[in-house]
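Data block below; observations after.
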Amino acid sequence: MTDTADSYTLAVAQPRVRTEPDHSANVAHAVDLVAEAAARGSDLVLFPEHSPGPFREGQDYDAAGPLAAAAREGAINVVWSRMEACEDGLWRLVVYVLDRGGRTVLRYERTHPATVPSADTGGFVAPGRELGSFELDGIPMGIAVCSELWIPETTRVLALRGAEIILSPAGGHFTALTKNWQVIARARAIENLCHLALTNNLYGDEQGAALVAGPEHVLVEAGRAELAIAHLDLARARWLRDTDDSLAEPKPFDSIPGLLRARRPELYAELTHVRGDEFDYEGNR
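See below:
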């Protein structure tokens with residue numbers, strides 16, 4: 001870890017998906033990216049959704065053991081995910097957070113599966129029931145998977161729980177939406193006065209969407225690179241959360257500070273109302 005908890009070095013891995021001779025090749029590639037991130041001084045490396053996998057039902061290979069070993073070898077925190085048959089027999093996207101010793105800190109089942117038809121996803125993907133809050137290196141963090149980032153209540157709850165860093169592993173296949181996806185990522189960082197890391201899988205030579213945004217500025221964009229590293233100023237973000245707005249010019253900030261403390265939750269009861277067209281926990285409408 002860095003010398004002070006006021007800063008943090010975060011790597012976003014944006015790997016090109018290996019499909020031949022089989023998807024298990026993605027594990028060795030992920031291990032190499034973990035080693036590179038560690039060698040470049042990163043405290044944490046974030047992999048995309050269902051990376052290194054398995055990606056879907058019918059694939060059978062182990063990424064857990066190799067990634068735990070890589071975390072221990074590099075003394076680096078690793079966040080990865082896979083499609084998994086859970087104890088109730090249903091398939092879910094599961095994110096694993098490993099600490100520097102390769103131990104599992106969090107097992108998060110994606111709570112908001114996308115509305116992609118099952119014919120495109122390979123079958124029904126069930127939702128999890130708990131949001132993904134956790135702590136690493138003494139820093140509160142949270143998980144918002146892929147299109148969960150477009151549901152502002154998710155990241156707002158994580159921020160209200162104290163998350164200073166929100167990790168958003170996305171699957172990819174949204175090249176045409178890249179600009180808006182990055183706008184959403186920036187908005188979530190700005191409105192929650194936190195740092196947010198977004199990454200996705202690359203297919204071929206496409207332009208990726210991976211970036212790390214702070215509450216005031218974008219720190220890094222990966223483009224077509226498979227690994228990008230950002231240095232987070234946590235002390236600055238904490239200052240923005242604790243500081244009141246000011247009409248003075250020039251302003252000493254580039255985002256409106258203090259707004260997490262300006263909420264009126266007594267006005268928001270409508271957010272908990274269930275509409276008739278929303279999915280239930282069985283995935284039905």
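Once you know that position 136 of the sequence shown is 136 in the UniProt record's numbering, the rest is easy, because the numbers rise by one and skip nothing.
Idealized CB from N, CA, C, for every residue including glycine.
Residue i - containing beta strand (DSSP E), residue span
| i | result |
| --- | --- |
| THR272 | Element bounds for THR272: n/a, residue is neither H nor E. |
| GLU135 | 132-136 |
| THR155 | Not the beta strand (DSSP E): THR155 falls in the alpha helix (DSSP H), residues 152-160. |
| ASP22 | Premise fails: ASP22 is in no beta strand (DSSP E) and is neither H nor E. |
| GLY142 | 139-143 |
| THR178 | Note, THR178: premise wrong, no beta strand (DSSP E); alpha helix (DSSP H) at 178-192. |
Inter-residue Cα distance where the pair is residue i and residue j
| i | j | result |
| --- | --- | --- |
| TYR8 | PRO113 | 30 Å |
| TYR203 | GLU266 | 45 Å |
| ASP245 | GLY142 | 26 Å |
| TRP150 | ARG186 | 11 Å |
| CYS146 | PRO252 | 33 Å |
| LEU44 | ALA11 | 6 Å |
| ARG263 | TRP181 | 26 Å |
| ARG261 | GLU135 | 22 Å |
| LYS179 | GLU57 | 31 Å |
| ASN200 | ARG40 | 21 Å |
| GLN59 | ALA159 | 35 Å |
| ARG100 | ALA68 | 9 Å |
| LEU240 | LEU247 | 15 Å |
| ALA189 | SER24 | 34 Å |
| ASN77 | GLU216 | 25 Å |
| VAL17 | PHE174 | 15 Å |
| ASP88 | VAL31 | 30 Å |
| GLU36 | GLY102 | 17 Å |
Beta bridge counterpart(s) of residue i as assigned by DSSP
| i | result |
| --- | --- |
| SER81 | PRO52, VAL95 |
| VAL12 | LEU46, ALA228 |
| GLU221 | LEU211 |
| SER7 | ASP233 |
| GLU87 | Paired residue(s): none; GLU87 is not in a bridge. |
| GLY111 | According to the sequence as given, residue 111 is Thr; it is not Gly. Its beta-bridge partners do not exist; DSSP assigns none. |
| THR104 | LEU98 |
| LEU202 | ARG16 |
For residue i, the nearest candidate out of the options (CA to CA)
| i | options | result |
| --- | --- | --- |
| LEU33 | PRO52, ALA85, ALA126, ASP22 | PRO52 |
| GLU270 | LEU193, GLU221, ARG72, GLU153 | GLU153 |
| LEU93 | LEU227, GLY132, ALA235 | GLY132 |
| VAL212 | CYS194, GLY128, GLY65, ALA126 | CYS194 |
| THR104 | VAL125, TRP80, GLY89 | TRP80 |
| residue 286 | ALA70, GLY128, ALA64 | Outside the modelled stretch of the chain, which goes from 1 to 285, sits residue 286, for which no answer is possible. |
| GLU206 | ALA144, LEU259, LEU177, PRO140 | LEU177 |
| ASP242 | TRP91, GLY258, GLU73, VAL125 | GLY258 |
| PHE124 | ILE76, ALA38, ARG236, MET83 | MET83 |
| ASN26 | ALA38, GLU36, ALA63 | ALA63 |
Same chain, Cβ closer than 6 Å to residue i, five either side skipped, listed in chain order
| i | result |
| --- | --- |
| ALA28 | none |
| GLU148 | HIS112, THR154 |
| GLY162 | PRO140 |
| ALA235 | ASP6 |
Sequence-distant residues of the same chain with beta carbon closer than 7 Å to residue i, five excluded per side
| i | result |
| --- | --- |
| MET1 | Any reading at MET1 must be qualified, since the residue scores a pLDDT of 49, below 50, and its modelled position is unreliable; the value itself is stated next. Closer than 7 Å at the Cβ level, and outside the excluded window around MET1, lie ASP43, ASP137. |
| LEU107 | Note that residue 107 corresponds to Arg in the displayed sequence, not to Leu. Correct list, in chain order: VAL94, TYR96. |
| GLY171 | PRO48, GLU49, HIS50, CYS146, ASN200, ASN201 |
| ILE256 | ASP245 |
8 Å Cβ shell around residue i - same chain, five flanking residues per side excluded
| i | result |
| --- | --- |
| LEU232 | SER7, TYR8, THR9, LEU10, ILE165, HIS195, VAL212, GLY214, LEU219 |
| GLN14 | PRO48, THR199, ASN200, ASN201, LEU202, GLY208, ALA210, ALA222, ALA225, GLU226, LEU227, ALA228 |
| LEU46 | LEU10, ALA11, VAL12, ALA13, VAL79, LEU167, PRO169, ALA197, THR199 |
| TYR61 | ASP22, HIS23, SER24, VAL27, GLY53, PRO54 |
Run of the alpha helix (DSSP H) containing residue i, from where it starts to where it stops
| i | result |
| --- | --- |
| ALA197 | Counting along the chain, ALA197 falls outside any alpha helix (DSSP H), though it belongs to the beta strand (DSSP E) covering 195-199. |
| PRO169 | Counting along the chain, PRO169 falls outside any alpha helix (DSSP H), though it belongs to the beta strand (DSSP E) covering 165-169. |
| ARG100 | It is not in any alpha helix (DSSP H) - ARG100 carries neither H nor E in the DSSP assignment. |
| GLY65 | 64-74 |
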